[in-house]
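Visitor:
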Amino acid sequence: MRTIDLASTSLRELNELLHKQTAGTNETQWEILNPKGMHAVAAGVDAPLNIDIKGSVGYYVAGMNKQANIVVHGSAGPGAAENMMSGKVVVKGDVSQYAGATGRGGMLVVEGNASSRCGISMKGIDIVVKGNIGHMSAFMAQTGNLVVFGDAGDALGDSIYEARLFVRGNVKSLGADCIEKEMRDEHLALIDGLLHRAGLNGVRPNEFRRYGSARKLYNFNIDNADAY
Amino acid sequence: MCGIVGLFIKDTKLEPRLGELTSVMLSTMCERGPDSAGFAVYGPAHEGNAKITLQAPNPDAHFAGLTTAISKVIGAEASLERKSTHAVLSVPADKLQAAREALRSGHPELRIMSSGEAIEIYKEVGYPTQVAGQFDLAKMQGSHAIGHTRMATESAVTTMGAHPFSTGPDQCLVHNGSLSNHHNLRRELVRDGMSFETDNDTEVAAAYISWRIKQGLNLGEALQKSLDDLDGFFTFVVGTKNGFGVLRDPIACKPAVMAETDQYVAFGSEYRALAGLPGIDSARIWEPEPATVYFWER
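Printed below as a string of structure tokens:
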């Protein structure tokens with residue numbers, strides 16, 4: 001296992017080392033110490049690595065991740081796993097604004113709470129949050145799944161396209177064009193699979209409610225002008 | 229951008245380390261605001277004594293003979309402690325207004341940074357670590373401190389445009405964001421007797437809070453009212469003689485993270501600012517909610 005201490009190695013050196021790793025690398029286990037809120041820790045990784053970050057990080061941890069399994073043993077600042085392509089990012093603590101924003105694939109698991117704009121403009125990523133999510137989450141969310149064990153803040157799913165939102169707790173308010181939808185067997189199976197992949201249990205799929213697009217704002221229609 | 233740090237001490241045993249801890253916090257926020265920096269320190273207050281923090285464009289010339297001149301005008305003993313381009317003028321509390329007037333009329337070249345029983349404000353153009361070093365922030369003591377690193381958006385990079393802004397006795401405010409209705413609000417506040425030193429949007433927010441406190445509201449109530457009357461992006465950290473408040477606008481784009489232990493409440497624009505605090509690993513750490521007033525008093 002490679003251990004990199006950010007108290008003595010620069011962030012740039014760390015990320016360069018990680019970027020050099022390719023599919024066949026033998027160095028698959030990485031441990032990063034003393035991140036102390038640094039930005040962009042383990043951003044841009046494109047190899048099947050297991051990376052443990054021991055502490056809290058700042059902006060953009062694991063941004064653009066491809067293939068890697070990254071675990072943050074602490075909390076993360078804004079933009080955690082932003083634009084993730086594949087792989088899995090687990091944050092043991094809380095995440096700040098726009099976690100998983102624009103993500104195209106892979107899975108982000110937040111074991112604490114996520115603040116505002118979680119999953120904004122998500123495009124295929126799966127996000128599972130064990131706590132609550134803040135306001136304007138899943139704004140303009142296009143595809144992918146957002147599963148929330150706790151509550152959602154104001155304007156959930158505003159201007160949403162085809163992403164699926166599953167919330168177990170209360171939703172403070174729904175955004176424009178976001179409505180509650182019927183839970184069918186296929187959705188229960190989907191949640192079951194997501195929970196399994198996230199390694200989380202203790203909740204049942206039928207405890208969640210489903211929200212998604214009313215599909216009224218896809219194309220501009222003058223009759224809907226008040227809804228924009 | 230801009231960076232904010234704040235430390236409100238609950239356990240008096242930590243008070244001797246206020247400046248040292250604030251200085252470390254401020255140094256982590258340099259990239260967020262490399263233009264200029266400033267900080268308010270609430271030091272030990274002495275009964276019956278008031279302090280005015282002054283800044284001079286030419287300190288050697290402008291501070292020379294100032295003590296004698298002011299003492300003469302106010303008819304009481306004044307003393308001056310110089311720190312680089314700033315100096316703290318101490319006068320009997322009942323002579324504070326007279327001293328302010330004497331400074332205004334007789335020494336217009338001096339800028340008043342703050343006045344009150346406990347507050348001292350130091351701010352300058354320059355890289356934040358250099359500004360903190362210039363005033364020996366690390367050696368300062370007290371009950372609470374608020375620091376700011378500025379990346380200017382709304383007005384010029386000048387000493388007076390740096391934060392914190394103080395618009396009332398022992399009050400100060402720092403801001404990350406930008407206000408969009410500050411011109412209108414400034415006109416209304418001027419009509420109601422408030423005065424302004426700069427064209428800065430943050431000064432309007434500070435004056436607004438002072439105006440509300442003047443009306444008899446406490447800090448928490450004043451902050452609550454500001455949600456109705458201020459339009460724009462903001463994360464504010466506000467200090468009073470014995471209080472410390474935090475407020476974010478309803479959209480809450482501007483970052484904020486807080487930590488609380490038995491010893492202190494701390495604010496940072498980012499976690500980096502809190503990472504060096506004692507006991508941070510076991511502190512309660514959270515992101516302040518949008519449009520929610522937080523304030524502590526002791």
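Quick note, the sequences are listed as chains A and B, same order.
According to the numbering used here, the first sequence is numbered sequentially starting from 1.
According to the numbering used here, the second sequence is numbered sequentially starting from 229.
For glycine and all other residues, C-beta sits at the position ideal for the given N, C-alpha and C.
Considering only C-alpha positions, which residue in the set B/262, B/374, B/331, B/330 is nearest to residue 237 of chain B?
Guide: Considering only alpha carbons, the answer is B/374.
Visitor: Using the three-state DSSP reduction, which class does residue 180 of chain B fall into: helix, strand or coil?
Guide: Any answer about residue 180 of chain B is impossible in this case: the structure gives chain B only from 229 up to 526.
Visitor: So what does DSSP say about residue 184 of chain A, is it helix, strand or coil?
Guide: Three-state DSSP puts residue 184 of chain A in coil, outside helix and strand.
Visitor: Cβ of residue 101 of chain A within 8 Å of Cβ of residue 114 of chain A?
Guide: Cβ atoms of residue 101 of chain A and residue 114 of chain A: not closer than 8 Å.
Visitor: According to a CB-to-CB cut-off of less than 8 Å, which residues of the segment 30 to 56 of chain A neighbour chain B?
Guide: The residues in question are 36, 37, 38, 56.
Visitor: What residues from the segment 235 to 251 of chain B come within 9 Å of chain A, judged by C-beta to C-beta, listed N to C?
Guide: Correct list: empty, as no residue qualifies.
Visitor: First and last residue of the beta strand (DSSP E) that includes residue 88 of chain A?
Guide: Run containing residue 88 of chain A: 88 to 91, per the beta strand (DSSP E) assignment.
Visitor: Would residue 208 of chain A and residue 167 of chain A be called neighbours here (beta carbons separated by less than 8 Å)?
Guide: In contact: residue 208 of chain A and residue 167 of chain A (Cβ atoms closer than 8 Å).
Visitor: Using a C-beta to C-beta distance shorter than 9 Å, which residues of chain A count as neighbours of residue 483 of chain B?
Guide: Chain A residues near residue 483 of chain B: 59, 77, 78, 96, 97.
Visitor: For residue 37 of chain A and residue 499 of chain B, which I take to be in contact (beta-carbon distance under 8 Å), what is that distance rounded to the nearest angstrom?
Guide: Between residue 499 of chain B and residue 37 of chain A the Cβ distance is about 4 Å, and since that is below 8 Å, they are a contact.
Visitor: What residues in the segment 110 to 122 of chain A have a beta carbon less than 8 Å from any beta carbon of chain B?
Guide: So the close ones are 115, 116.
Visitor: If I measure Cβ to Cβ from residue 93 of chain A and keep anything under 6 Å in the same chain, skipping five residues before and after, which residues do I get?
Guide: The residues are 74, 75, 112.
Visitor: For residue 284 of chain B and residue 290 of chain B, which I take to be in contact (beta-carbon distance under 8 Å), what is that distance rounded to the nearest angstrom?
Guide: About 4 Å separates the two Cβ atoms, so the contact holds.
Visitor: What residues of chain A sit near residue 515 of chain B, judged by a beta carbon separation below 8 Å?
Guide: Per Cβ cutoff of 8 Å: 94, 96, 115.
Visitor: Which residues of the segment 456 to 480 of chain B have a Cβ closer than 7 Å to any Cβ of chain A? Give them in chain order.
Guide: Within the segment 456 to 480 of chain B, the residues whose Cβ lies closer than 7 Å to some Cβ of chain A are 480, listed in chain order.
Visitor: Could you check how far apart the C-beta atoms of residue 412 of chain B and residue 460 of chain B are, in whole angstroms? I think they sit under 8 Å.
Guide: That belief does not hold up - the Cβ atoms of residue 412 of chain B and residue 460 of chain B are roughly 12 Å apart, past 8 Å.
Visitor: Whose CA, out of B/355, B/294, B/475, B/292, lies closest to the CA of residue 517 of chain B?
Guide: Nearest C-alpha to residue 517 of chain B: B/475.
Visitor: Going by DSSP, what residue range makes up the alpha helix (DSSP H) through residue 290 of chain B?
Guide: That run of the alpha helix (DSSP H) goes 287 to 291.
Visitor: Quick check on residue 492 of chain B - is its C-beta less than 8 Å from some C-beta in chain A?
Guide: Judged by the 8 Å Cβ criterion, residue 492 of chain B is not in contact with chain A.
Visitor: Let me make sure I understand the geometry here. Which of A/66, A/30, A/95 has the alpha-carbon closest to that of residue 83 of chain A?
Guide: Nearest option by C-alpha distance: A/66.
Visitor: Need the endpoints of the beta strand (DSSP E) that residue 270 of chain B sits in, please.
Guide: Unbroken beta strand (DSSP E) run through residue 270 of chain B: 264 to 270.
Visitor: When you compare only the Cα positions, how much space is there between residue 363 of chain B and residue 407 of chain B?
Guide: One C-alpha to the other measures close to 30 Å.
Visitor: Does the ligand SAH have a heavy atom nearer than 7 Å to the CB of residue 500 of chain B?
Guide: Only the bare structure without any ligand can be found here, which leaves the ligand SAH out of the picture.
Visitor: Could you say if the segment 220 to 228 of chain A and the segment 339 to 351 of chain B meet the contact criterion of at least three C-beta pairs nearer than 8 Å?
Guide: Taking 8 Å as the limit for Cβ pairs, the verdict is that the segment 339 to 351 of chain B does not touch the segment 220 to 228 of chain A.
Visitor: List the residues that DSSP assigns as beta-bridge partners of residue 125 of chain A.
Guide: DSSP lists no partner for residue 125 of chain A.
Visitor: Could you tell me the distance, in whole angstroms, from the CA atom of residue 420 of chain B to the CA atom of residue 397 of chain B?
Guide: Going by the C-alpha atoms only, they are around 18 Å apart.
Visitor: Within 8 Å of any Cβ in chain B, is that where the Cβ of residue 73 of chain A sits?
Guide: Closer than 8 Å: no.
Visitor: Nearest-angstrom Cα distance between residue 339 of chain B and residue 243 of chain B?
Guide: One C-alpha to the other measures close to 28 Å.
Visitor: Assuming residue 119 of chain A and residue 141 of chain A form a contact by the criterion Cβ under 8 Å, report the distance between their Cβ atoms to the nearest whole angstrom.
Guide: At roughly 6 Å, the Cβ-Cβ gap stays under 8 Å, so residue 119 of chain A and residue 141 of chain A are in contact.
Visitor: Quick one: is residue 499 of chain B near chain A, going by C-beta distance under 8 Å?
Guide: At least one chain A Cβ lies under 8 Å of residue 499 of chain B.
Visitor: Quick one: does residue 503 of chain B have its CB under 8 Å from some CB of chain A?
Guide: Judged by the 8 Å Cβ criterion, residue 503 of chain B is in contact with chain A.
Visitor: Touching or not, the segment 45 to 64 of chain A and the segment 438 to 450 of chain B, by the rule of three or more beta carbon pairs under 8 Å?
Guide: No: fewer than three Cβ pairs fall under 8 Å.
Visitor: Which full runs of the beta strand (DSSP E) of 3+ residues lie inside the segment 9 to 35 of chain A, going along the chain?
Guide: Listed in chain order, the complete beta strand (DSSP E) runs (minimum 3 residues) inside the segment 9 to 35 of chain A are 29 to 33.
Visitor: Could you pull the start and end residues of the beta strand (DSSP E) that residue 440 of chain B belongs to?
Guide: Per DSSP, residue 440 of chain B belongs to no beta strand (DSSP E); it is in the alpha helix (DSSP H), 429 to 442.
Visitor: Out of A/164, A/47, A/137, which one is the CA nearest neighbour of residue 23 of chain A?
Guide: Ranking A/164, A/47, A/137 by Cα distance to residue 23 of chain A puts A/47 first.
Visitor: Report the option in A/157, A/161, A/107 whose CA atom is closest to the CA atom of residue 173 of chain A.
Guide: For residue 173 of chain A, the nearest C-alpha among the options comes from A/157.
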